[in-house]
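Residue numbers (our numbering), protein chains in the order written: chain E, 1 to 438; chain H, 439 to 746.
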């Protein structure tokens, strides 16, 4: 027997032991009795920076004034990846604030964020005070491990000058009208290339992701048992057919060439802001960009058109979320902070006014102190519309959306000859990639 | 006698200790950890569950693995030889320069000092169709420029172009090798009537063969791990530089043409939190890099007539 083998096995065994010793172990969390006093320090990690981080600080001061026994330590600019690694290493913040609902499935199923139901029941928090869509994207598998912290509602922005020039009276309400208007608004160069595009329908352009367009037909992502529904739901085929017809009218190559010349989405060179695209999908946060970067642009906002006029008024909803790390040092104070930031109507209204996002409590939405001009009100109406939709949480995060997105990119490029078999393959791929999350 | 030997060995070990500790902590331990995690279902948030070889079996059904492997292989087959040929050509030119050699060596080396992310951003904007100066110039001379990073056919060649621009690191190595070839060999060949091509093929090339081998091995390993430039180019060209959207929006843009193996590994590990499978992908990459290196070394020995 080779003399080196025992040494190698010893080294391997040591490394495996070290590795397993360094991996997190589950921990039971017990909550305090009702009425118990809460005190101490609580650490909040959030992703905001600059103006928005200053807004958080303002509201935190209000919280500390109302809770003199609790001191909040805030760390800004912390993304999901850092929060995940910190929790995994056993040093997670007491409270995490994420920009993506995509982590809810993983954080709930793994227990990285604790189930808030015991706290909610103990403190008799009425969840009906929260918007229904936001309630749905903050729980997974029967666990409510997150609470909604402001939201984004997606609608349609349109250029009023270009509409007037094309003789269009108002925003389109159906997908057919959108196609018609997009064609009227499109201007070509003498060589046939595109100069101005009415609506740029490519799925991988700016905010045109399938998730944001799905409410136009009511297309569903997952079945009740968590499997892919894209092949079986006929609403996807409706959306795909509409989009492909418009792409083919422009010509895919011409569209990609035009799109290649456009500026970055989150810069002053945004194609809508520069008048290169007349109609764009975007959320309420674009209002602040327009005010800051394109104050002279005459634009309007409306819900995105729908295939069925009865569905008109809704849109895609998503938002920020908050939760308590499983290794929080002061979970009771963490819950007090989350409860304040997500259910205290005055705090939610103040945050919405400062950060320019949609508030998530029913009372804050109707609060007269909410700075909601006509444009912002349009997004609040989209937010409260019963036809609005979100993407369901999944243990593998955004894997199902991105897998379908890749299929859609191939489809719009003309690489998928038979849409039915293509969707069936997409179903298989989505189901396969979703098993990554368990 | 034995005591002296032990003391001598301990002395040697003490000198080697810093390096051995470094290798053990920063290479062997992570490697064994990766191997262990590749046999588990692990999301960084909960306790790993042993799944045996399931992660490796899953590779056969992975819908995106094939595409990422294809793109990475393309880069290995094209990117590595192009950079080696370019670096040899450039070093030959600089060796034969009679005036201003130092100046041009500096000029050609400088791009290698630019951080890859900054260089990629600059390249995407320079090559941007419609607004970039390159296509503007091409238009002036009557050429309809390609879409570069926005075209599935041109995106990878554009990355190769970027790699060629930053060829300085490889160039200096070849320059040193070419300058190290004894002048007497060229003089003898000239007396025998050899032309420039004969001298290059029969003297320069055999003399710098070890450096070519080094460049090939390190180039293949580097390209198998090709991540930064592909990720940045896809994101900037897709117009979503500031959002870090997923694989359907920016990673691999356009149409998956820049979607390399490390991009998929990163996505699986840090976007889908499937660290077990990501570790299996990493181990597979390590094995492939190791095997390719072995093959290259053996082939090189065979070529040079040494025993394999």
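For every residue, glycine included, the Cβ atom is placed at its ideal position computed from N, Cα and C.
*asked:* What does DSSP give as the partner residue(s) for residue 127 of chain E in the beta ladder?
replied: The partner list for residue 127 of chain E (beta bridge, DSSP) is empty, contrary to what the question assumes.
Boundaries (first-last residue) of the alpha helix (DSSP H) holding residue 345 of chain E: Segment 345-355, the alpha helix (DSSP H) holding residue 345 of chain E.
- Hey, could you find the ends of the alpha helix (DSSP H) residue 45 of chain E is sitting in? Run containing residue 45 of chain E: none in the alpha helix (DSSP H); it sits in the beta strand (DSSP E), 40-45.
In this structure, does DSSP put residue 318 of chain E in helix, strand or coil?
strand
message: Can you list, in chain order, the residues of its chain with a C-beta nearer than 8 angstroms to that of residue 674 of chain H? Leave out the 5 residues immediately preceding and following it.
response: 558, 559, 562, 563, 587
Quiz prompt | Cβ-based neighbour list, residue 490 of chain H, same chain, cut-off 8 angstroms, excluding 5 preceding and 5 following | solution = 477
Next item on the list: Just list the alpha helix (DSSP H) runs in the segment 152-200 of chain E, keeping only unbroken ones of 4 residues or longer that don't cross its boundaries, in chain order.
Entry: 160-165, 175-185
Q.
Short of 8 angstroms in beta carbon distance, which residues of its chain neighbour residue 682 of chain H, apart from the five on each side in sequence? Order them along the chain.
A. Only weak support is given to the placement of residue 682 of chain H: the predicted model assigns it a pLDDT of 44, under 50, and the question is left unresolved by the model.
Query raised in the report: So which residues of chain H does residue 87 of chain E contact, with C-beta pairs closer than 9 angstroms?
Result: 482, 483
*asked:* With H, G and I counted as helix, E and B as strand and the rest as coil, what does DSSP make of residue 434 of chain E?
replied: helix
Practice task
Identify every residue that forms a DSSP beta bridge with residue 299 of chain E.
Solution key: The beta-bridge partner set that DSSP reports for residue 299 of chain E consists of E:159.
Could you tell me which chain E residues have their CB closer than 8 angstroms to the CB of residue 706 of chain H, listed as they occur along the chain? 436
**Asked** From residue 26 of chain E to residue 90 of chain E, what does the alpha carbon distance come to, in whole angstroms?
**Response** Summary for residue 26 of chain E: the model assigns pLDDT 49, below 50, so the residue's position carries little reliability; its value from the coordinates is reported in the next sentence. If I take the Cα positions, the gap works out to 10 angstroms.
Check for me: the beta strand (DSSP E) holding residue 98 of chain E runs from which residue to which? 95-98
Once the 5 residues before and after residue 150 of chain E are set aside, which same chain residues still bring their CB inside 7 angstroms of it? 319, 320, 351, 352, 355, 357, 358, 359, 360
- At a cut-off of 7 angstroms, is residue 442 of chain H close to the ligand SAM when judged by its beta-carbon and the heavy atoms of the ligand? For the structure depicted, the ligand SAM is absent and the ligand set is empty, with no information on it obtainable.
(request) Could you pull out every residue in the same chain whose Cβ sits closer than 8 angstroms to the Cβ of residue 184 of chain E, ignoring the five residues on either side in sequence? (result) Only 166, 167, 168, 198 meet the Cβ criterion.
So the beta strand (DSSP E) residue 75 of chain E belongs to, where does it begin and stop?
Bounds of the beta strand (DSSP E) holding residue 75 of chain E are 70-75.
> Should residue 715 of chain H be flagged as near chain E, meaning a C-beta pair shorter than 8 angstroms?
Replying inline: yes
- Query: Do residue 698 of chain H and residue 724 of chain H have their C-beta atoms closer together than 8 angstroms?
  - Reply: no
Nearest-angstrom Cα distance between residue 270 of chain E and residue 291 of chain E?
Between residue 270 of chain E and residue 291 of chain E, the C-alpha separation is close to 13 angstroms.
| query | Hey, out of E:80, E:436, E:170, whose CA is closest to residue 103 of chain E's CA? | reply | E:80
(message) Once DSSP output is grouped into helix, strand and coil, what is the label at residue 105 of chain E?
(response) Looking at residue 105 of chain E - three-state DSSP - the assignment turns out to be helix.
Margin query: Using the three-state DSSP reduction, which class does residue 592 of chain H fall into: helix, strand or coil?
Written below: Reduced to three states, the DSSP call for residue 592 of chain H is coil.
Problem - C-alpha distance - residue 288 of chain E paired with residue 497 of chain H, whole-angstrom precision - result: 45 angstroms
Using a cut-off of 8 angstroms between C-beta atoms, extract the partners of residue 111 of chain E located in chain H. 483, 484
Handout entry: Integer Cβ distance of residue 93 of chain E from residue 31 of chain E, believed to fall under 8 angstroms
Key = Contact flag wrong, Cβ pair sits at about 19 angstroms.
Q. DSSP three-state call for residue 85 of chain E: helix, strand or coil?
A. helix
*asked:* Short of 8 angstroms Cβ to Cβ, which residues in the segment 564-575 of chain H face chain E?
replied: 566, 567, 568, 569
**Asked** In terms of residue numbering, what span does the beta strand (DSSP E) encompassing residue 500 of chain H cover?
**Response** Neither: residue 500 of chain H is in no beta strand (DSSP E) and is coded neither H nor E.
3-residue-minimum beta strand (DSSP E) runs that sit fully inside the segment 607-675 of chain H, ordered along the chain: none
Per-residue contacts from residue 556 of chain H into chain E (C-beta, under 7 angstroms) = Under the 7 angstroms cutoff, chain E gives no residues; its nearest Cβ is about 16 angstroms from residue 556 of chain H.
Selected residue, minimal CA-CA separation from residue 136 of chain E, among E:414, E:389, E:401:
E:389
Leaving out five residues before and five after residue 573 of chain H in sequence, what residues of the same chain have Cβ atoms less than 6 angstroms from its Cβ?
The residues are 567, 583.
Next on the checklist: Counting only beta-carbon separations shorter than 8 angstroms, does residue 588 of chain H have a partner in chain E?
Outcome noted: Residue 588 of chain H counts as touching chain E.
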